[in-house]
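Per the numbering used here, the sequence shown starts with residue 1136, numbered consecutively.
We put the CB at the ideal spot given by N, CA and C, even for glycine.
Predicted, not measured: the structure shown is a model, and the values here were computed from it.
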Amino acid sequence: MDLKSLIRRRLSHESLPHKLLSQSQLSPSQSKRFGSDAMTITKILLASVVALPILFVFSVIIRISPSDRTLGFADARVLEHRAQLNSTRLGLDSAGAFSHSTEKSNEKLLGGLLTSGFDEAACASRYQSFLYRKISAYKPSPYLVSRLRNYEDLHKRCGPATQAYKSALEKIHSGHKLGSMDCKYVVWISYSGLGNRMLALASTFLYTLLTNRVLLVDRGNDMEDLFCEPFPEKSWLLPTNFPLIDQFNSFDQKSPHCYGSMLKNNVVDTSTESVPSYLYLHLVHDYGDHDKLFFCDDDQSLLAKVPWLIVKTDNYFVPSIFLIPSFEEELSKLFPEKGTVFHHLGRYLFHPTNHVWGLITRYYKTYLSKADESLGLQIRVFDTRPGPLKHVMDQILACTLNQKLLPEVDMQDSFVMPIENPKLKAVLVTSLNSGYSENLRNMYWEYPAMTGEVVGVYQPSHEEYQQSEKQMHNRRAWAEMYLLSLTDGLVTSSWSTFGYVAQGLGGLKPWILVKPENDTTPDPPCRPAMSMEPCFHAPPFYDCKTKRGIDTGALVPHVRHCEDMSWGLKVVDGYDEL
Ligand SMILES: Nc1nc2c(ncn2[C@@H]2O[C@H](COP(=O)(O)OP(=O)(O)OP(=O)(O)O)[C@@H](O)[C@H]2O)c(=O)[nH]1
Ligand SMILES: [Mg+2]
1136 MDLKSLIRRR LSHESLPHKL LSQSQLSPSQ SKRFGSDAMT ITKILLASVV
1186 ALPILFVFSV IIRISPSDRT LGFADARVLE HRAQLNSTRL GLDSAGAFSH
1236 STEKSNEKLL GGLLTSGFDE AACASRYQSF LYRKISAYKP SPYLVSRLRN
1286 YEDLHKRCGP ATQAYKSALE KIHSGHKLGS MDCKYVVWIS YSGLGNRMLA
1336 LASTFLYTLL TNRVLLVDRG NDMEDLFCEP FPEKSWLLPT NFPLIDQFNS
1386 FDQKSPHCYG SMLKNNVVDT STESVPSYLY LHLVHDYGDH DKLFFCDDDQ
1436 SLLAKVPWLI VKTDNYFVPS IFLIPSFEEE LSKLFPEKGT VFHHLGRYLF
1486 HPTNHVWGLI TRYYKTYLSK ADESLGLQIR VFDTRPGPLK HVMDQILACT
1536 LNQKLLPEVD MQDSFVMPIE NPKLKAVLVT SLNSGYSENL RNMYWEYPAM
1586 TGEVVGVYQP SHEEYQQSEK QMHNRRAWAE MYLLSLTDGL VTSSWSTFGY
1636 VAQGLGGLKP WILVKPENDT TPDPPCRPAM SMEPCFHAPP FYDCKTKRGI
1686 DTGALVPHVR HCEDMSWGLK VVDGYDEL
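See the structure below:
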């Protein structure tokens, strides 16, 4: 039930006081008999009978925040969600009303993941996302919630424009660490495609949490345009006058301040307290063996002393963080359900800016909200030829039809009397190419589905090729990842970080389309994901203790090789799922 109908319903009860009024109109003799006291009691009764429903309506309006009121209540999920809340909880008694508001606020804050107190209008998505998402089956642990609140306090104390930040900045110029540092930092360099950036940033944030550092984000071309501030009061954006900012593009494996290159050249003095004021960590997919020592405990003890760590990476390096013994205990407290790292950190960090939120909500309301069921199909073809490619189209059909994600069609085209209210299935296709969704759409237009369902196929954009430098291009890409995450089921493409973001935010274990070889449709065409976690595409295979090569995908039950990339690593929920 929406607010308007709720108010309508309550107001219709206003006829009740009128009824009572007429019933209680007393004859002059009666009123005389009861005297002035009786008159007063009657007035009080009448006044309260009239006032109570009005007060109730106002209290409901006040309890529902202004942003909710201005929200379009047009989409089915929102309505359904509201109806549930209202019918069960919008209360007749104060206890009911209390439980409604606390439960609602808990949902709105994603089970405590988010903190209240942000300006809602400045970033509508932050507090409205719960209206579009199903309630997550995965709850953040109370420990994660408390660590996030502690982090927010640290960020307030050490973030840009604080005294602590200013004095830390002075140390950069001094070349070496001087005295003890109140606040230490990780600076994340904006690098690579949007999906990679989001995975890299989430990994870097986890690292800052584990090392009690403060995360500062290089704004690159469009970080500010795409994402709201995730931390209260102090920005997460690196101030533009940060002294090393001009060197970010040129930082690489060979840079003099690159930790790996310093190790290689034997210029890191581990024996003294004289550690550098900053180090560059090269964790990009092309990194070398020395850079990979970042994932060793001894190196972490040294890095812990360095005030400024500047990180460039295009990878989701969380799985290898799970293999560093000194982080083990903290990680198991933060994430008792192991395969939920990106799900929680992604939902905590990534809130679309108002412009992107407009793209998401308008599209959702127009094409997805009315469906009984929705399926996301993320088609990323790593092939330079223009699509659609036949073997890929065949693969999409084989996967979705075999797994009954989509209904078969009746190719005989025999006339079947249409059902009056058929089930509506919405398929959201994201792809750089429009051909796959056109084929699918035509199939369900030209032939009836065997199940009697009707299938709508929608694709928000087809950018043809990657154009990361264009502002609107990445806004669309972000909106599409988010829209995919709102679907009920998901099919993703192997190797695609775009798909990983969608599955993680959505809390969905997708069907992964197997990467085709030699222009042939793979058999099986798709496989179920073990967990919703992204895959680390370039993990180290090194045992820090024995200093030998090792299969890092076979060390612990919860870090395994990925379904879509045999050498990649991913965090999985448990051994049983393999
Ligand atoms: N709008 C839109 N853009 C896409 C789509 N697929 C890829 N792109 C664009 O291409 C970029 C690809 O980078 P990622 O987001 O990392 O996705 P990916 O699938 O891992 O691709 P690579 O990084 O190139 O291997 C995205 O950031 C988008 O800019 C799509 O389905 N829709
Ligand atoms: Mg990518």
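Check: From Gly1703 to Tyr1422, what distance separates their C-alpha atoms?; Outcome: 15 Å
Check: Are Tyr1342 and Ile1456 touching if we call contact CB-CB under 9 Å?; Outcome: yes
Check: Would you say the beta carbon of Pro1595 comes nearer than 8 Å to a heavy atom of ligand 1?; Outcome: yes
Check: Can you determine whether any heavy atom of ligand 1 sits closer than 8 Å to the C-beta of Gly1493, and answer yes or no?; Outcome: no
Check: Using the three-state DSSP reduction, which class does Ser1338 fall into: helix, strand or coil?; Outcome: helix
Check: Could you pull out every unbroken alpha helix (DSSP H) segment of at least 4 residues lying fully inside the segment 1575-1648, listed in chain order?; Outcome: 1606-1620 and 1632-1641
Check: Do Val1691 and Leu1458 have their CB atoms nearer than 9 Å?; Outcome: yes
Check: Three Cβ pairs or more, each shorter than 8 Å: is that satisfied between the segment 1297-1308 and the segment 1525-1543?; Outcome: no
Check: Which first and last residues belong to the alpha helix (DSSP H) in which Tyr1422 is found?; Outcome: No alpha helix (DSSP H) holds Tyr1422; DSSP gives it neither H nor E.
Check: How is the beta strand (DSSP E) around Val1551 delimited, first residue to last?; Outcome: No beta strand (DSSP E) holds Val1551; DSSP gives it neither H nor E.
Check: Could you tell me how far apart the beta carbons of Leu1351 and Leu1334 are, in whole angstroms, since I believe they sit closer than 8 Å?; Outcome: 18 Å between Cβ atoms; not a contact.
Check: Based on Cα-Cα distance, which residue from Ala1689, Gly1641 and Cys1661 lies nearest to Tyr1483?; Outcome: Gly1641
Check: Taking the C-alpha atoms as reference points, what is the distance between Asp1654 and Lys1605?; Outcome: 31 Å
Check: For Cys1293, does the count of other Cβ atoms within 10 angstroms reach 16, so buried, or fall short, so exposed?; Outcome: buried
Check: If Val1402 and Leu1437 are in contact, beta carbons under 8 Å, what's the gap, nearest whole angstrom?; Outcome: Wrong, their Cβ atoms sit about 13 Å apart, outside the cutoff.
Check: Pick out the complete beta strand (DSSP E) segments inside the segment 1490-1567, 3 residues or longer, and give them in chain order.; Outcome: 1508-1514 and 1559-1566
Check: Among residues of its own chain, excluding the 5 on either side of Val1441, which ones have a beta-carbon nearer than 8 Å to its beta-carbon?; Outcome: Lys1312, Lys1319, Val1410, Pro1411, Ser1412, Tyr1413 and Leu1414
Check: Just grab the DSSP bridge partners of Leu1444 for me.; Outcome: Val1321 and Leu1414
Check: Are Leu1344 and Leu1532 touching if we call contact CB-CB under 9 Å?; Outcome: no
Check: Ends of the beta strand (DSSP E) at Val1714?; Outcome: Lying outside 1136 to 1713, the shown extent of the chain, residue 1714 is not represented and no answer is given.
Check: Can you give me the C-alpha to C-alpha distance between Asp1360 and Gln1601, rounded to a whole angstrom?; Outcome: 18 Å
Check: What is the DSSP secondary structure of Asp1433, reduced to helix, strand or coil?; Outcome: helix
Check: Between Phe1452 and ligand 2, is the CB less than 8 Å from at least one heavy atom?; Outcome: no
Check: Relative to the alpha-carbon of Lys1505, which residue among Val1516, Ser1370 and Pro1557 has its alpha-carbon at the smallest distance?; Outcome: Pro1557
Check: Check the DSSP bridge columns for Arg1695 and list the partner residues they point to.; Outcome: Lys1705
Check: Who are the near neighbours of Ser1509 in its chain, counting only those whose CB is closer than 8 Å to its CB and skipping five residues on each side?; Outcome: Leu1503, Lys1560, Ala1561, Val1562, Leu1563, Leu1621, Thr1622, Asp1623 and Gly1624
Check: Checking the sheet assignment: what are the DSSP bridge partners for Tyr1662?; Outcome: With the sequence shown as reference, residue 1662 is identified as Arg, and Tyr is not the correct amino acid for it. DSSP output for Arg1662 lists Ile1647 as bridge partner(s).
Check: Tell me which residue opens and which closes the alpha helix (DSSP H) that Ala1299 is part of.; Outcome: Gln1298 to Ser1309
Check: Cα-Cα, which of Asp1404, Tyr1267, Asp1678 and Ala1584 is closest to Phe1550?; Outcome: Ala1584
Check: Can you pull the DSSP bridge partners for Asp1678?; Outcome: Arg1683
Check: What three-state label does DSSP hand Leu1458 in the structure shown?; Outcome: coil
Check: Determine the direct distance from the alpha carbon of Glu1599 to that of Val1707, and round the result to whole angstroms.; Outcome: 34 Å
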